[in-house]
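*Asks:* Once you've had a glance at the structure underneath, I'll fire off some questions.
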Amino acid sequence: MTALKLTDVCKTFGTTEVLKNISLEVEDGEFVVFVGPSGCGKSTLLRVIAGLEDATSGAVEIAGDRVNNVAPAKRGIAMVFQSYALYPHLNVRDNMALALKQANESNSTIDERVTEASRMLSLDDYLTRRPAELSGGQRQRVAIGRAVVRHPKLFLFDEPLSNLDAALRMNTRMEIASLHRSLETSMVYVTHDQTEAMTLADKIVVLRDGRVEQIGAPMELYNNPANKFVAGFLGAPSMNFINAAGAVELGIRPENLNLSESGQLQGQVIHVEKLGGDTNIVVTLTTGETVTCRLFGQHDHRVGEQVTLGFDMNRAYLFDASGERIEPS
Amino acid sequence: MAEQTGKKFNWHIVVFLAPAVLVYTAVMIFPLFNTLRLALYTETENIRQFVGLDNFRTLFGDPRWSESFWNALANNFWFFFIHMLVQNPIGILLAAILSHPRLRFAGFYRTAIFIPTILSFVIVGFAWKLILSPIWGIAPSLLDAVGLKSLFAPWLGREEYALTTLALISVWQFVGIPMMLIYAALLSIPEEMLEAGEIDGITGASAFWKIKLPLILPSIGIISILTFVGNFNAFDLIYAAQGALAGPDFATDILGTYLYRTFFGFQLQLGDPHMGSTIATAMFAIILIGVCIYLFGIQTRLRRYQF
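Line by line, the protein sequences give chains A and B. Each number in our numbering corresponds to the 1-based position in the first sequence with 117 added. Each number in our numbering corresponds to the 1-based position in the second sequence with 70 added.
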């Protein structure tokens with residue numbers, strides 16, 4: 118069954134077109150990540166799905182029902198906000214229970230669901246605290262708990278990790294992934310962070326300027342990007358682009374560049390990043406482009422050093438002047 | 071000590087504070103304490119004598135004084151009660167309507183409702199006296215125009231209505247203040263929180279009762295105490311509309327008008343600064359007790375939220 122189906126969804130604010138003919142499907146139980154640079158329309162798209170914004174045209178279907186004119190609470194969705202948006206006057210239990218109370222669920226149902234969610238998210242010790250007495254990570258879990266208790270058909274996450282510090286982000290990412298595995302509910306997750314997209318998604322939707330650039334599994338997009346934008350957006354450090362013959366550009370992932378005496382590219386090291394497991398060398402080529410070369414393990418290179426870099430043409434991508442991929446024939 | 075730490079004494083702090091301290095002392099602190107002091111004296115044959123708490127015994131013990139005092143105090147509580155019951159709920163309601171994102175001309179309404187606040191009491195009192203006058207007023211003819219003339223009564227002239235009418239006139243004048251304070255508090259509630267409520271099915275009236283109202287409670291507390299202090303210090307409107315005798319038959323007499331008549335004298339009554347100060351001290355004590363109850367009993371229980 119299809120959990121979410123968008124057909125030609127458009128959204129305009131005044132004369133600004135924010136979403137242009139977005140069509141996509143989210144299968145039952147699938148984890149789909151919308152990723153793109155800021156201003157690409159990914160959050161607006163999520164808000165259209167949630168019903169916080171109305172689509173200017175096109176159809177939004179959730180679990181087979183057209184919901185364009187259905188109130189957010191009746192769409193069978195739950196949303197986790199970037200700022201968590203917890204109710205500051207209610208304690209953790211009441212924050213989670215409010216939606217159920219509003220829906221006139223029985224007390225026993227409310228109790229059961231809140232207990233279930235709090236156990237799942239290890240919130241048992243905090244149920245009587247107010248949001249102000251919780252750390253960022255705990256607030257995040259309450260926000261997720263508030264979504265979980267509603268037993269939605271579709272979860273919506275709006276950049277839920279962007280207010281957390283790096284260590285907590287990694288942890289929470291794992292928690293969200295395991296939550297998805299245990300709930301087996303479809304999730305739509307918006308982020309600008311390609312690492313989150315790559316690590317969490319069953320399917321990534323890359324958006325730019327209100328358009329879908331490409332949809333596919335993470336490795337599919339990584340290994341087979343449709344255009345220069347997708348190629349450059351996914352992967353860290355991002356893909357190197359080198360002018361080749363004419364208007365054609367050559368794209369090489371940093372890990373596919375290596376140091377070799379017989380290499381095709383010469384240049385000077387301008388920066389070295391030693392990460393322990395990896396070493397990134399930033400090189401300015403004699404032709405003027407700056408490329409990053411990712412070496413496995415620890416290497417001793419100094420700024421100013423002359424190096425020769427080589428790559429395998431079979432692992433390079435070609436893009437035409439408009440940025441479209443030229444498929445190898 | 072300043073020299074021990076090697077730092078120069080910061081004379082500029084004293085210099086900059088001095089003007090405010092001097093002015094405030096001259097117009098507020100000194101008169102306040104002098105009033106409290108005056109309440110302990112009396113004057114016989116042009117000689118001021120210290121009498122301790124005798125003036126208070128007279129005020130609360132002598133029926134000629136105490137009846138007027140309790141009448142004024144009870145009227146004052148009714149005046150306050152009407153404000154709390156009418157002015158503040160209407161202010162909150164107006165603010166809730168104004169903060170609705172789809173309301174057009176919100177700026178116009180906000181200004182229009184706030185304008186009476188900046189009018190002088192004299193103008194408001196006189197204008198309403200004219201409006202409600204059974205002889206030249208437009209109220210009877212307006213009611214007549216909609217066929218409700220039977221409802222009209224000389225509201226300012228009847229003992230049972232006069233105080234309530236004046237309280238409602240004051241509500242009309244000042245409803246803009248709670249409205250503005252609540253409006254500001256409502257605007258500070260983050261949009262995302264209301265959207266989270268929308269996803270949870272909490273919209274419209276329940277969004278107001280379950281999300282917005284608990285978050286604006288601290289502002290409502292502040293408004294209540296401002297109303298309390300304002301009402302127990304009120305004088306101008308009653309004086310402008312009903313005169314110092316606060317008629318009919320003292321039906322609109324509140325502590326402010328009672329103090330005025332006692333202190334300065336009116337018609338046949340001679341001014342008595344000592345009894346006046348005694349009433350002023352009693353008013354000061356009432357307001358102080360009220361504010362303390364609020365500060366220690368209510369405000370400490372209200373939570374303020376950081377968004």
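For each residue, glycine too, the CB sits at the ideal point set by N, CA and C. Source: prediction; values computed, not measured.
Would A142/B pass as a contact of N125/B if the rule is Cβ separation under 9 Å?
*Replies:* As a working note, residue 142/B is residue 72 in the second sequence. As a working note, residue 125/B is residue 55 in the second sequence. Not in contact: A142/B and N125/B (Cβ atoms no closer than 9 Å).
*Asks:* Would you kindly work out how many angstroms separate the C-alpha atoms of T128/B and I247/B, rounded to a whole number?
*Replies:* Within the second sequence, the letter at position 58 stands for residue 128/B. Within the second sequence, the letter at position 177 stands for residue 247/B. Spanning the two alpha carbons is a distance of roughly 39 Å.
*Asks:* Could you give the residue range of the beta strand (DSSP E) that holds H388/A?
*Replies:* For this step, residue 388/A is matched to residue 271 along the first sequence. Its beta strand (DSSP E) spans residues 382–391.
*Asks:* Between which two residues does the beta strand (DSSP E) harbouring I359/A extend?
*Replies:* The residue labelled residue 359/A in the question sits at position 242 within the first sequence. Unbroken beta strand (DSSP E) run through I359/A: 357–360.
*Asks:* Where in the segment 181–240 of chain A do unbroken runs of the alpha helix (DSSP H), each at least 4 residues long, occur, reported from the N-terminal end onward?
*Replies:* 209–219, 224–237, all fully within the segment 181–240 of chain A.
*Asks:* Below 8 Å, can you find three or more Cβ-Cβ pairs linking the segment 206–219 of chain A to the segment 287–306 of chain A?
*Replies:* The segment 206–219 of chain A, when compared against the segment 287–306 of chain A, does not touch it at the 8 Å Cβ threshold.
*Asks:* Helix, strand or coil for A72/B, going by three-state DSSP, please let me know.
*Replies:* What you label residue 72/B is simply residue 2 of the second sequence in a count that begins at 1. With a pLDDT of 43 at A72/B, under the threshold of 50, the predicted position of this residue should be treated as unreliable, and no value is reported.
*Asks:* Does the beta carbon of K191/A come closer than 9 Å to any beta carbon on chain B?
*Replies:* As a first step, residue 191/A must be located in the first sequence, where it is residue number 74. At least one chain B Cβ lies under 9 Å of K191/A.
*Asks:* Please decide whether T273/B counts as near chain A, where near means a Cβ-Cβ distance under 9 Å.
*Replies:* If you number the second sequence from 1, residue 273/B lands on position 203. Yes, because at least one Cβ of chain A sits closer than 9 Å to the Cβ of T273/B.
*Asks:* Counting only C-beta atoms, is R371/B closer than 9 Å to chain A at any point?
*Replies:* Locating residue 371/B in the second sequence gives position 301, counting from the first residue. Not closer than 9 Å to any Cβ of chain A, the Cβ of R371/B fails to qualify, so no.
*Asks:* Taking a cut of 8 Å between CB atoms, which residues from the segment 104–137 of chain B lie near chain A?
*Replies:* Here the close residues number zero.
*Asks:* Since A167/A meets chain B, which of its residues come closer than 7 Å, beta carbon to beta carbon?
*Replies:* By one-based count along the first sequence, residue 167/A stands at place 50. Under the 7 Å cutoff, chain B gives I269.
*Asks:* DSSP three-state label for S289/B, please.
*Replies:* Residue 289/B sits at position 219 when you count from the first residue of the second sequence. It is helical.
*Asks:* Could you give the distance in angstroms between the alpha-carbon of R373/B and the alpha-carbon of H206/A?
*Replies:* Here residue 373/B corresponds to residue number 303 of the second sequence, with the count starting at 1. Here residue 206/A corresponds to residue number 89 of the first sequence, with the count starting at 1. Cα-Cα distance, rounded: 8 Å.
*Asks:* How close, in whole Å, do the beta carbons of I194/A and P269/A come, if the pair is a contact with beta carbons under 8 Å?
*Replies:* Along the first sequence, read from residue 1 onward, the residue named residue 194/A stands at position 77. Along the first sequence, read from residue 1 onward, the residue named residue 269/A stands at position 152. I194/A to P269/A, Cβ: 5 Å. Contact.
*Asks:* Check the Cβ of L168/B against every Cβ in chain A and list those closer than 9 Å, keeping chain order.
*Replies:* Residue 168/B sits at position 98 when you count from the first residue of the second sequence. Ordered by position in chain A, no residue passes the 9 Å Cβ test against L168/B, which lies about 22 Å from the chain.
*Asks:* Examine the Cβ distances between the segment 223–234 of chain B and the segment 340–348 of chain B and report whether three or more of them are shorter than 8 Å.
*Replies:* As far as the Cβ criterion goes, the segment 223–234 of chain B does not touch the segment 340–348 of chain B, which means the pair count is below three.
*Asks:* What separation, rounded to the nearest whole angstrom, lies between the Cα atoms of H418/A and D125/A?
*Replies:* Along the first sequence, one-based indexing puts residue 418/A at 301. Along the first sequence, one-based indexing puts residue 125/A at 8. Going from the Cα of H418/A to the Cα of D125/A covers about 51 Å.
*Asks:* Checking 9 Å against the spacing of the C-beta atoms, do M291/A and V259/A come in under that value?
*Replies:* Locating residue 291/A in the first sequence gives position 174, counting from the first residue. Locating residue 259/A in the first sequence gives position 142, counting from the first residue. No; because the gap between Cβ atoms is not below 9 Å, this pair is not in contact.
*Asks:* By the 10 Å Cβ neighbour count, where 16 or more other Cβ atoms means buried, how is M430/A classified, buried or exposed?
*Replies:* Position 313 of the first sequence, counted from the start, is the residue given in the question as residue 430/A. It is exposed - the Cβ of M430/A has fewer than 16 other Cβ atoms within 10 Å.
*Asks:* Does A72/B come within less than 9 Å of chain A when only Cβ atoms are used?
*Replies:* Numbered from 1 along the second sequence, position 2 holds the residue referred to as residue 72/B. Confidence in A72/B is poor, its pLDDT being 43 and thus under 50, which makes the residue's placement too unreliable to answer from.
*Asks:* Can you tell me whether H82/B is buried or exposed? The criterion is at least 16 other CB atoms within 10 Å of its CB, across all chains shown.
*Replies:* Start at 1 with the first residue of the second sequence, and residue 82/B comes out as number 12. Exposed, since its Cβ has fewer than 16 Cβ neighbours within 10 Å.
*Asks:* Comparing alpha-carbon positions, which option in E250/A, S439/A, G146/A, I139/A lies nearest L163/A?
*Replies:* Indexing the first sequence from 1 puts residue 163/A at position 46. If we check each option's Cα against that of L163/A, I139/A comes out closest.
*Asks:* Please list the terminal residues of the continuous alpha helix (DSSP H) segment that includes I261/A.
*Replies:* In the first sequence, residue 261/A corresponds to position 144, counting from 1. 253–265 is the span of the alpha helix (DSSP H), which, as asked, contains I261/A.
*Asks:* Distance cutoff 9 Å, beta carbons only. Does S276/B sit that close to anything in chain A?
*Replies:* In the second sequence, the residue the question calls residue 276/B occupies position 206. Chain A contact via Cβ: present.
*Asks:* Note the first and the last residue of the continuous beta strand (DSSP E) segment covering R325/A.
*Replies:* The residue given as residue 325/A occupies position 208 in the first sequence. Residues 320–325.
*Asks:* Pick from N373/A, V365/A, L238/A, P277/A: whose alpha carbon is nearest that of N340/A?
*Replies:* Residue mapping note: residue 340/A aligns to position 223 of the first sequence, counting from 1. Selected option, being the one with the closest Cα: N373/A.
*Asks:* Name the chain B residues that come within less than 8 Å of F198/A, Cβ to Cβ?
*Replies:* Along the first sequence, read from residue 1 onward, the residue named residue 198/A stands at position 81. Correct list: E262, E265, A266.
*Asks:* Within this structure, are the beta carbons of L382/A and L412/A separated by less than 9 Å?
*Replies:* As a first step, residue 382/A must be located in the first sequence, where it is residue number 265. As a first step, residue 412/A must be located in the first sequence, where it is residue number 295. No.
*Asks:* Taking DSSP's pairing of strands, which residues face M304/A in a bridge?
*Replies:* Stepping through the first sequence from its first residue, residue 304/A is reached at position 187. According to DSSP, M304/A bridges with F148/A, F272/A.
*Asks:* Closest Cβ-Cβ distance between P371/A and chain B: below 9 Å?
*Replies:* What you label residue 371/A is simply residue 254 of the first sequence in a count that begins at 1. Chain B contact via Cβ: absent.
*Asks:* Identify the contact partners of Y306/A in chain B, using a Cβ-Cβ distance below 9 Å as the criterion.
*Replies:* Numbered from 1 along the first sequence, position 189 holds the residue referred to as residue 306/A. Residues of chain B passing the Cβ test: none, with the nearest at roughly 16 Å.
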